[in-house]
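Just below is one structure, and these are the notes that go with it.
Protein chains: 2
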Amino acid sequence: MKEENEELILHNRLKVVRAEKNLTQGNLAALVGVSRQTIGSIETGQFNPTAKLALLLCIALDKTFEELFYF
Amino acid sequence: MKEENEELILHNRLKVVRAEKNLTQGNLAALVGVSRQTIGSIETGQFNPTAKLALLLCIALDKTFEELFYF
DNA sequence: TCTAAATGCAAAGTATACTTGACAAAATTT
DNA sequence: AAATTTTGTCAAGTATACTTTGCATTTAGA
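Respectively, the protein sequence lines represent chains A and B. Note that the numbering used here has the first sequence beginning at 276, numbered continuously upward. Note that the numbering used here has the second sequence beginning at 276, numbered continuously upward.
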């Protein structure tokens, strides 16, 4: 990834949407098949999920990608 | 990623959409700031982009995530 | 208020996304 | 048909997504 887009940060509304569904990080993690820490790290912006995991999260939370992720 | 979703493959319509816009892999790569090989590997399903790159591709190709990526 | 559940964070390891360079094959252009 | 562009793929290296374990802090429930 070149400089121009390197600084761009992908934000997400995971924490809010997850809370609306009354799911814990552990619950959501189990739904999509990753560890609790992975969910936590995505929520706190420590990392940038794969597109596959992002789409699994959209499905689990019944949202479009654009509703959950944005620049 | 656990067994249940491990086998799931994220497909995409990158090659077709890119061709519709008359872009080469190199053109598109430059637009989003990655190497030509990265675009090629995503098109041939060899790998699964990050959500950030996926969204950059959506913007470059003027498509929603769901129009470009699917299970 | 006491207890239990949920979250944040860190370290060390593994898997894989992404890089550069290179070459051959296929497609496009002249 | 010859030249040029585009694509597929391979190899070796780097960056980072994701794992597990563990512990401290915060939040929620009894």
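Cβ coordinates follow ideal geometry from the N, Cα and C atoms, glycine included.
{"Item": "Whole-angstrom distance between A294(A) and C333(B), CA atom to CA atom", "Value": "28 Å"}
{"Item": "Simplified DSSP assignment, three categories, for N323(A)", "Value": "coil"}
{"Item": "Completely contained beta strand (DSSP E) runs for the segment 280 to 325 of chain B, where each covers 3 or more residues", "Value": "none"}
{"Item": "Chain A residues whose Cβ lies nearer than 9 Å to that of V292(B)", "Value": "Within 9 Å Cβ-Cβ: nothing; V292(B) doesn't reach chain A, min ~15 Å."}
{"Item": "Close beta carbons around N302(A), own chain, < 7 Å, minus the five adjacent residues each side", "Value": "none"}
{"Item": "Under 8 Å from the C-beta of K277(A): neighbouring residues of chain B", "Value": "G308, V309"}
{"Item": "Collapsed DSSP secondary structure at F346(B) in the structure displayed", "Value": "coil"}
{"Item": "Short CB-CB distance (under 8 Å) between K327(B) and chain A", "Value": "yes"}
{"Item": "Nonlocal neighbours in the same chain, by C-beta distance under 6 Å from N323(B), ignoring five residues either side", "Value": "L285"}
{"Item": "Within 8 Å, strictly: CB atoms of L331(A) and V292(A)", "Value": "no"}
{"Item": "Among K277(A), E279(A), V309(A), G315(A), the one whose alpha carbon lies nearest that of L289(A)", "Value": "G315(A)"}
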